[in-house]
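Engineer: I have a structure I would like to understand better, so I am pasting it below and will then ask my questions one at a time.
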Amino acid sequence: MDGVRHAHRPPNPLLHTGALAAASLPLQALAQDASAAAAEAKAPPLPALGTALKLPQVSLLDGSVFRPEQADGRLAIVYWWASTCPFCALQSPEMQKLWLAHKDKGLVLLTLSIDKKPQDAEGYLKKKGYTFPAGWVTPEVQRALPKPRGLPITLVRGKDGKLVQAERGQMFAEDVEQLSRWL
């Protein structure tokens with residue numbers, strides 16, 4: 261034996277009815293999911309470290325505007341997330357802590373929701389009490405700063421405007437806090 265206890269579990273009926281459930285979804289929802297999957301398949305890989313990371317102007321969900329010059333000569337972190345992403349749900353509280361601990365020390369944080377509607381992102385931020393700067397990925401933002409493949413995505417731009425760290429997938433609490441080392 262491998263030392264792990266294995267409990268017998270009855271079959272999950274939901275797993276066996278998945279095809280029926282999918283067949284009952286509205287065609288529009290299936291088309292949107294297919295469109296999202298196609299877009300994700302075409303998404304670029306993480307950018308190479310040392311490359312310049314140009315930040316666009318972004319309208320934020322709180323009504324303010326992120327301007328690229330805000331990040332000139334400062335550490336800037338770009339974080340893509342979604343309200344439906346379970347890994348983002350674990351990383352976002354850590355991003356909030358990082359923001360609160362270091363915003364007065366020169367940290368620039370731009371978070372970008374890929375939710376289907378900005379209202380979904382706004383509701384999520386309000387429910388969770390997050391105050392970090394958050395925008396919604398519009399087609400203009402996507403053209404100016406394409407989201408790399410995966411989610412969550414965290415890019416760290418050094419004070420010189422060049423990428424110093426790029427992460428795909430959930431970062432643990434200690435890893436998020438370590439981002440402050442670039443300050």
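For the record, in the sequence shown the residue sitting at position 64 is 324 according to this note's numbering, with numbers rising by one throughout. Don't be surprised by glycine CBs; every beta carbon is placed ideally from N, CA and C.
(1) Starting from the C-beta of residue 421, find all residues in its chain whose C-beta is less than 6 Å away, skip the five residues before and the five after it, and write them out in chain order.
(2) How is residue 438 classed by DSSP in three states: helix, strand or coil?
(3) With DSSP run on the structure shown, which of helix, strand or coil describes residue 428?
(4) Residue 384 by DSSP, collapsed to three states: which one?
(5) Output needed for residue 443: all residues of its chain with C-beta closer than 8 Å, excluding positions within five of it in sequence on either side, in chain order.
(6) Would you give the residue range spanned by the alpha helix (DSSP H) that residue 350 belongs to?
(7) Rounding to the nearest angstrom, what Cα-Cα distance links residue 310 and residue 423 in this structure?
(8) Is the beta carbon of residue 321 sitting closer than 8 Å to the one on residue 381?
(9) Relative to the C-alpha of residue 333, which candidate in 427, 297, 417, 406 has its C-alpha closest?
(10) Just reading off the beta strand (DSSP E) that residue 416 is part of, what are its end residues?
(11) Considering only residues of the same chain and omitting the five flanking positions on each side of residue 425, which have a CB-CB separation below 6 Å?
(12) Would you say the region 395-411 touches the region 338-349, given that touching needs at least three Cβ pairs under 8 Å?
(13) State the DSSP-derived secondary structure class of residue 318, mapped to helix, strand or coil.
(14) On the three-state DSSP scale, how would you describe residue 298?
(15) What does the alpha-carbon distance come out to for the pair residue 330 and residue 439?
(16) How should residue 383 be labelled, buried or exposed, when 16 other C-beta atoms within 10 angstroms of its C-beta is the threshold for buried?
Structural biologist: Short version:
(1) 312
(2) helix
(3) strand
(4) helix
(5) 335, 362, 365, 366, 367
(6) 346-362
(7) 5 Å
(8) yes
(9) 417
(10) It spans 413-417 - the beta strand (DSSP E) in which residue 416 sits, taken as one unbroken run.
(11) 416
(12) Between the region 395-411 and the region 338-349 there are three or more C-beta pairs closer than 8 Å, enough to call the two in contact.
(13) strand
(14) helix
(15) Straight-line measurement puts the Cα of residue 439 at about 19 Å from the Cα of residue 330.
(16) Counting C-beta atoms within 10 angstroms of its own C-beta, residue 383 has fewer than 16 neighbours from the protein chains shown and is therefore classed as exposed.
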